[in-house]
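The structure under discussion appears below in the form of C-alpha cells.
Protein chains: 2
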Amino acid sequence: MTSLAPPVPSAVESLGVRIRALREGMDLSLRDLAERSGVSAPMLSQVERGETSPTLAVASRIAAGLELRLSQLLRLDESGAVTIVRRTERRKGPARVRGHSYEILTPPLPGQRAELSRHTLASGAVTGGAGDPPIHEPGSRETALVESGTVVLVCDGSQWELSAGDCVTFDADLPHHFENPGTDEATLLAVVSAGLRRS
Amino acid sequence: MTSLAPPVPSAVESLGVRIRALREGMDLSLRDLAERSGVSAPMLSQVERGETSPTLAVASRIAAGLELRLSQLLRLDESGAVTIVRRTERRKGPARVRGHSYEILTPPLPGQRAELSRHTLASGAVTGGAGDPPIHEPGSRETALVESGTVVLVCDGSQWELSAGDCVTFDADLPHHFENPGTDEATLLAVVSAGLRRS
DNA sequence: TACAACCGTACGTTATCACATACGGATGAG
DNA sequence: CTCATCCGTATGTGATAACGTACGGTTGTA
Numbered sequence: 254m255t256s257l258a259p260p261v262p263s264a265v266e267s268l269g270v271r272i273r274a275l276r277e278g279m280d281l282s283l284r285d286l287a288e289r290s291g292v293s294a295p296m297l298s299q300v301e302r303g304e305t306s307p308t309l310a311v312a313s314r315i316a317a318g319l320e321l322r323l324s325q326l327l328r329l330d331e332s333g334a335v336t337i338v339r340r341t342e343r344r345k346g347p348a349r350v351r352g353h354s355y356e357i358l359t360p361p362l363p364g365q366r367a368e369l370s371r372h373t374l375a376s377g378a379v380t381g382g383a384g385d386p387p388i389h390e391p392g393s394r395e396t397a398l399v400e401s402g403t404v405v406l407v408c409d410g411s412q413w414e415l416s417a418g419d420c421v422t423f424d425a426d427l428p429h430h431f432e433n434p435g436t437d438e439a440t441l442l443a444v445v446s447a448g449l450r451r452s
Numbered sequence: 254m255t256s257l258a259p260p261v262p263s264a265v266e267s268l269g270v271r272i273r274a275l276r277e278g279m280d281l282s283l284r285d286l287a288e289r290s291g292v293s294a295p296m297l298s299q300v301e302r303g304e305t306s307p308t309l310a311v312a313s314r315i316a317a318g319l320e321l322r323l324s325q326l327l328r329l330d331e332s333g334a335v336t337i338v339r340r341t342e343r344r345k346g347p348a349r350v351r352g353h354s355y356e357i358l359t360p361p362l363p364g365q366r367a368e369l370s371r372h373t374l375a376s377g378a379v380t381g382g383a384g385d386p387p388i389h390e391p392g393s394r395e396t397a398l399v400e401s402g403t404v405v406l407v408c409d410g411s412q413w414e415l416s417a418g419d420c421v422t423f424d425a426d427l428p429h430h431f432e433n434p435g436t437d438e439a440t441l442l443a444v445v446s447a448g449l450r451r452s
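These protein sequence lines are chains A and B, in that order. Residue numbers for the first sequence follow this note's numbering, beginning at 254 and rising by one. Residue numbers for the second sequence follow this note's numbering, beginning at 254 and rising by one.
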C-alpha cells in the first residue's frame, strides 16, 4: 500500500514536451513522426500533451522515430549547474594498493552521467584486485585513454594491448581489469558512463 | 504504414530478465518490490516474463523501486564488444580553425555513451566559433579536464577560470565555449555524455 | 504429519492505452 | 472565392495493461 518510492521519480511527465520539442526540431509533423515510428498521430499528440502514459513498446518506437534510444530520450533529468573539481580537491582512491592508485575527477553527485578517474599503475601492477570495485553496475560502459606507458586490458577472457594515446571502449559490466606489463609506470584516464545504484 | 525504424529498437524485450536479475540481486520478492514500487506483484511477474509491455508510468515506478532511474534501467543496450581507437586512428576535427583544433578519441558508433575528444587552444583562441558545433543535443552533459595551460569556460553567461588539472562538469545543451586567455597553448580533454542523434 | 508462511503465477474485472476515422482551422494554388 | 492540403485534436471502438483475488508448490516449524 505505502510506496517507498518518491511521489513520482521524475521525467516521464515532462517527457511530452521534450518529444514535441525534438519532433519540431527535426521539422516533422505528427503524421511524419507517426510514419517513421509506427505510432499513430493521435497517440503521439496525446503523449506529447501528457494525456496518456505510453507503453514501453510504444515509447521505444517513438524514440526510434526520433533517432534516439529510449534511455536517451528519458535522460532529461537533473540540475543545470556547473560543478568544478579543482586539481587539489580530487577524491583519492585507496592509496596505492599493490602498485595501483587512482583519483576521481568528477564531483560525487548522484545523477552524474559520467565519472572521470585517473589511474596510475606501477610496473607489473594490476587494477581490480581485492579492494577495488572489480566490475561496474549493469549497463554501464567504460572508455579508457592511455596517457603514458603500456597497459593490457583483460575483458571477459580476451586481452588487448594498449599503448600511450590508445583509447578503448567496452561494456563495464563485464569482468575486466588492466595490467601494466611494462617496466615503466603507466597512467590511464577512465570514463565510466551510465553507472547506477548504491554501493 | 511502413515503419522506417528498425523492427524493434532493442532492449525493452530483454528488460524483463534484467528486472528480475536486479530484483533478485537485491534479495526482494515480487511482493517486496510491489510494495516498494506501488506496482502489483502479478504485474511485476508479467513484466519480468515479457508477457506485457508496461506503461512508462509503471516502468518508472518499477525502476524507482529498484533504486534506479528509468533511463538507467533501460540502458541495457547493444553490443558487448571492445572497440579500440589507436593513437594514429583518431578522427580529426577541422584542422586548426582560428587557433582551435581537436581530435575525437572514441569510435563513431551509434549508441555510444560518451564521446571523448582532445582540444588544443592556441593563445587567445576560442572554441565554438563558426564551424564548430556550438552546443550539444538537449539532455547531454559535458565534463572537461584541463591538461595544460589555462582556460576560461563561458557557460550560459557566466565565466569560470580553470587551470591545468581542474575538471568541470556542466549541461552541454546550454550555450558555452572555452577561451584561452593565457600566453601558452592550452589543451583540454572533453567528455560529452548523452545527447546524440543525427549528424 | 499437519500447518503456517512465503513464493511465483493463473484468473476475471476494470481502467485505459492505441487505433482508425472524422472534425475545425490555417495556409496556399488556381 | 473555392478548393485542395496540410496541420493538430476530439471521438468512438477494440485491444490490453493493471488491478485484486485465489490457486498450487515449496520451505521451515511445531
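Just so it is clear, CB atoms sit at the ideal spot from N, CA and C, and this is done for glycine as well. For clarity, every value in this text was computed on a predicted model and none was experimentally measured.
**OP:** Count the other C-beta atoms from every protein chain shown that fall within 10 angstroms of the C-beta of B/V270, then say buried if there are 16 or more, exposed otherwise.
**Re:** exposed
Original post:
Who are A/V405's beta bridge partners in DSSP?
Top reply: A/E414 and A/E432
**OP:** Return yes when the Cβ of B/L442 is within less than 8 Å of the Cβ of B/R371, no when it is not.
**Re:** yes
Subject >> Range covered by the beta strand (DSSP E) that runs through B/R371 >> reply: A367 to L374
**OP:** Report yes or no: is there a C-beta of chain A within less than 8 Å of the C-beta of B/S324?
**Re:** yes
**OP:** State buried or exposed for A/E414, treating a residue as buried only when at least 16 other CB atoms are found within 10 Å of its CB.
**Re:** exposed
Subject >> Where A/P307 meets chain B, residues with beta-carbon distance less than 8 Å >> reply: T308 and L309
**OP:** List the residues of chain A that B/V407 touches, going by C-beta distances under 9 Å, in chain order.
**Re:** Within chain A, no residue comes near B/V407; the closest Cβ sits about 10 Å away, beyond 9 Å.
Original post:
Comparing the C-beta of A/L525 with each C-beta of chain B, is any distance below 8 Å?
Top reply: A question about residue 525 of chain A goes unanswered here, because the residues of chain A that appear run from 254 up to 452.
Original post:
So, helix, strand or coil for B/S267, using DSSP?
Top reply: coil
Original post:
Given B/R276, which residues of its chain have a CB within under 6 Å of its CB, disregarding the five upstream and five downstream residues?
Top reply: L286
Subject >> Closest Cα partner of B/R394 within the set B/G402, B/V379 and B/V444 >> reply: B/V444
Original post:
Shorter than 8 Å from the beta carbon of A/T396 to some beta carbon of chain B?
Top reply: yes
Subject >> Three-way DSSP call (helix, strand, coil) for B/A443 in this model >> reply: strand
Subject >> For A/S293, the nearest candidate out of A/E356, A/A397 and A/V311 (CA to CA) >> reply: A/V311
Original post:
A/L378: buried (16+ other C-beta within 10 angstroms of its C-beta) or exposed?
Top reply: Before going on, a small fix: residue 378 of chain A reads as Ala here, not Leu. A/A378 should be labelled buried.
**OP:** Anything in chain A within Cβ reach of B/V265, meaning under 8 Å, just list it in chain order.
**Re:** L309, A310, S313 and L323
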